[in-house]
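Here's the structure we're looking at; comments come further down.
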Amino acid sequence: MEYNHKEIERRWQKYWKDNNTYKTDINKYKKKFYVLDMFPYPSGAGLHVGHPLGYIASDIYSRYKRLQGFNVLHPMGYDAYGLPAEQYAIQTGQHPEITTVNNINRYREQLDKIGFCYDWSREIKTCDPEYYKWTQWAFIKMFKSYYDNDCDKAMPIDSLVEKFSVSGTEGVNAACSEEMSFTADEWNNMSEKEKQSVLMNYRISYLGNTMVNWCPKLGTVLANDEVSEGVSIRGGYPVEQKMMRQWCLRVSAYAQRLLDGLETIDWTDALKETQRNWIGRSEGAEMNFKVVGKDLSIEIFTTRADTIFGVTFMVLAPESEYVDKLVTSGQKEEVDKYLEEIKHKTERERLIDKHVSGVFSGSYAVNPLTGKEIPVWISDYVLAGYGTGAIMAVPAHDSRDYAFARHFNLPVIPLIEGCDVSEESFDAKEGIMINSKGAELDLNGMEVKDAIAATKKFIEEKGIGKVKVNYRLRDAIFSRQRYWGEPFPVYYKDGIPYTLDESQLPLRLPEVDKFLPTETGEPPLGRAKNWNTKEGYPYELCTMPGFAGSSAYYLRYMDPHNNEALVSKEADEYWRNVDLYIGGTEHATGHLIYSRFWNKFLYDLGVVCEEEPFKKLINQGMIQGRSNFVYRIKDTNTFVSFNLRKEYDTTEIHVDVNIVNNDILDIDKFRSWRPEFKDAEFILEDGKYVCGWAVEKMSKSMFNVVNPDDIVESYGADTLRLYEMFLGPLEQSKPWDTNGIDGVNRFIKKLWNLFYSKNSELCVNEEKPSAEALKSLHKLIKKVTWDIEHFSFNTSVSAFMICVNELTSMKCCSKEILSDLIILIAPFAPHIAEELWHASGHTDTVCDAKWPVCNEDYLVESTVTYAVSFNGKTRFSMQVANGTSKEEVEKLALENPNSSKWIEGKSPKKIIVVPNKIVNIVI
RNA sequence: GCGCAUGUGGCGUAAUUGGUAGCCGCGCCAGACUUAGGAUCUGGUGGCGUAAGCCGUGGGGGUUCGAGUCCCUUCAUGCGCACCA
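Per the numbering used here, the first sequence runs over residues 2 to 924.
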């Protein structure tokens, strides 16, 4: 029998489907293992060869765990809401649902060809009302909760209302947008509207006025992780800052828990570090500076409390609420001019424009330690969104303050012994303090870190300020002025937002005539007819952002058809959380933060039993494209081969990699590729046209997209799977290069030929395996088991090749050996494994086999290496039979021809046995 | 600027973690077979040298009997954060 990948793969894919081989159910007698891929956004371009990399890895791991007897949950679904489908809808008028369904079908077709062991009965789509019902449900739960800092968890908002009505804000320690203070009487006398507005300050999902990233081109608001360097990640359009009333999630309340949780999970240090940076914890102090002549003080945040004696001025962010209160009539005109200037700059322009700008407010504040009066300035180098939006400036020890002070000629007081601040500031947090003696506090002679502690202690005691931890992490902005997303389960009554009752979910996305904003500038849902409650109250017009649907999808897979709950107690307590999560690193500060937040919230509610959703996370590398080029001689239709191109004046042109093989151009295919090349002429080298190449992003415009379907068609899914793993370490980014695939394909054929002799007869027999064959097999068992546990799949493929070569050359046909070999290969190449498993007489499927265990006895080496050293220097190494006695080794060492060179008649004193291989003989 | 990775043949990589550097594959060279094919099989392939041998894991230094692996330093590349007080 010849190896026919098409027939084999078709047969087994059908078998698995017909027999529900990969359907998973709760089985209390088996240990669970949950393997998850980051579900894809089904784009119109379909899958390219880079997408399945992580899926193949997770598939191998799932199959391996299953063979080890675990009950493996391995589901797949689609992150179906998103901008591209909507943009396409705007351009073509086609409903995004149609586009999405088409794309999903295409993805499914492509995925099926690769032979994954997904339990498709658990498939979910985020745009499915039965799914987004639970996204809306979680939103309502957040609306009805507040974060209690004392219990350090989310609590029902009703219990906060209770506290307010009994004792006002007294004793309340809750996460909020702004600190509030009122008595029980004041609360009880508030109108419904006032009460609601107070509660909004505490809700975990809340409507708030925030500075948002507004993208005029996309007509929507974007989250911080959707913006990079002042432009939108999707589309690259400019983004500006705008004050808007938006739905937000109080992620910041969870900052410390999100940080602490990182210690308990098995992620890479790089990824944890990225999240730590994003959360951006900094310990410092808040301090109050009294304003001269006003009953007002400015609150600032600093991590350098020790530098208080060097404060020579203060700076407010232009958006700071202190600005209005502090600008004097004499300075008003100038300040307004400056604020106007700033307003017209986008964040991007602010970033690019590094030159120092600012304006004096006219007011002065008092340094609480020195009693000196210092001017208060306004400048855009201070950010409104961080800390309190106001700073104390210490030009001697902060480079930004320094630049500002030099520009406006403000004084600079050095505070650290021996530092030179004539040219630049001294920012390092080290050295001995000077110039830091006040009436009540003397820091002189202290180390910086002691001075920080001393100052903090002092200001707390004196009531000047308090120790405070600040986070960079901001609340997530949750509204999008878009059509293709989850509708908010919210309606407005007298302008106050209320959530729907849980029994009214899902609130379905309504139909609209166009997917554009309304003429009055409202979001597309403003076009929906009768978009209001039965009582006639209007619904919220914004929809939820992309990360809403992906924040708890891993929970839904546990119990995807449950109408009563997001996930049942039983399913949650069995599957608990994801044991292995594989996906790209691009979600580090988006999805992976939001999911952890969402999960912690549900944990606080008692809905889920694990605080962290993803125990272990592997980031697979990106597969880049490998582009090919041809070189056209300028103003001609003649193309010159790569190595001769320097002799001519040429233009480099991308050529479709699918008509190039091993960098050799298929000239006929090239001529028929595009009409303008029909009559192309070629200058060849050695009768071939050699193309140039480069590593670039895989994209249509570079003509370097390789479709997995084509690889499956010509080599088979098993070869594709093995080759993707063989390409290099999973975590590393690497270019796709189809050139090497023949080697892997040859291996598959060699494996086949181990079972079928040249005359196509099955040659598996019941003979007892030789010691040699057993050694080869058990070496492989040990290696592959170790490799899979360590996600080193590329080296496993090499190990398979070695073993198959060894077994081939010893003409091993023992069923005992070959059966174990198939089980080992099955996770990597499931189709051929299944085929050979059956061909060699097994009646069950290879998926239900048992992973073999290595017997170390077969691996004992016949020889051992000894290193012989003398006076601490290694002189030579030698090999002796395993089990040779110490005395024998000494004798052999002395008899070794090399020994005469250095021994000089001395005899060995002792032998040092080092673990593993090496024995040192000290003479 | 701060932080995190990574540097090994012509190329992708390996070295079970401090023990013979370059496994496996691509490519290349030679040979076999052949109804000449982009098929299959066998052997070779780090560099220099006729050879014995010498040199080799970005560079420099160190620890060690022994370093690709550990430490210091420096360079290069990639990624993340970035006027965060």
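The beta carbon of each residue, even a glycine, is placed where N, CA and C say it ideally should be.
Simplified DSSP state of residue i, which is helix, strand or coil
i    : result
N20  : coil
Y492 : strand
H791 : coil
I668 : helix
E8   : helix
K918 : Residue placement at K918 is flagged as unreliable, the pLDDT there being 48, under the threshold of 50; a coordinate-derived value is accordingly withheld.
H655 : strand
K15  : helix
M2   : coil
N754 : helix
C249 : strand
T101 : helix
G446 : coil
M811 : coil
M212 : strand
R481 : strand
T544 : strand
F801 : helix
K910 : Per-residue confidence for K910 stands at a pLDDT of 49, beneath the threshold of 50, marking its modelled position as unreliable; no derived number is given.
T456 : helix
E905 : Only weak support exists for where E905 lies, its pLDDT of 47 falling under 50; the value from the coordinates is given anyway. E905 falls in the coil class under three-state DSSP.
E335 : helix
Q733 : coil
P498 : strand
G741 : helix
I27  : coil
G372 : coil
W852 : coil
A394 : strand
M77  : coil
Local Cβ density within 10 Å of residue i, reported as buried at 16 or more and exposed below that
i     : result
K338  : exposed
N806  : exposed
G386  : exposed
L778  : buried
T456  : buried
E222  : For the record, residue 222 in the displayed sequence is Val; it is not Glu. Label assigned to V222: buried.
V167  : exposed
Q92   : exposed
L1000 : The structure shown does not extend to residue 1000, since the chain is modelled only from 2 to 924, so the question has no answer here.
A440  : exposed
E180  : exposed
Residue i, enclosing beta strand (DSSP E) - first and last residue
i    : result
P157 : K154 to P157
T885 : Per DSSP, T885 belongs to no beta strand (DSSP E) and is neither H nor E.
L510 : No beta strand (DSSP E) holds L510; DSSP gives it neither H nor E.
N189 : Here N189 belongs to no beta strand (DSSP E); instead the alpha helix (DSSP H) covers A185 to N189.
N620 : F615 to N620
Whole-Å CB distance - residue i paired with residue j, under 8 Å assumed
i    : j    : result
S321 : N471 : Actually they do not touch by this definition, with Cβ atoms about 16 Å apart.
L259 : A589 : That pair is no contact at about 13 Å.
I926 : Y65  : This structure leaves residue 926 out entirely; the chain is present only between 2 and 924.
K735 : Q625 : 7 Å
Opening and closing residue of the alpha helix (DSSP H) in which residue i lies
i    : result
D573 : K570 to W576
E195 : E193 to M201
P831 : P831 to A840
N471 : No alpha helix (DSSP H) holds N471; the beta strand (DSSP E) holding it covers G466 to N471.
A90  : L84 to T93
beta-carbon residue i near the ligand PLP non-hydrogen atom, thresh 6 Å
i    : result
D560 : You won't find the ligand PLP in this model; it holds no ligand whatsoever.
| query | Is it true that the stretch 731 to 744 meets the stretch 808 to 818, where meeting means three or more beta-carbon pairs spaced less than 8 Å apart? | reply | no
| Contact the stretch 716 to 735 vs the stretch 53 to 67: 3+ CB pairs below 8 Å | yes
| task | State whether the stretch 285 to 301 contacts the stretch 616 to 623, with contact taken as three or more CB pairs (one from each stretch) at a distance under 8 Å. | result | no
| Is it true that the stretch 303 to 316 meets the stretch 375 to 395, where meeting means three or more beta-carbon pairs spaced less than 8 Å apart? | yes
| Below 8 Å, can you find three or more Cβ-Cβ pairs linking the stretch 98 to 115 to the stretch 515 to 524? | no
| query | Does the stretch 190 to 197 come close enough to the stretch 211 to 225 that 3 or more CB-CB pairs lie under 8 Å? | reply | no
| query | Within the chosen definition, does the stretch 474 to 489 reach the stretch 530 to 547 through at least 3 CB pairs nearer than 8 Å? | reply | yes
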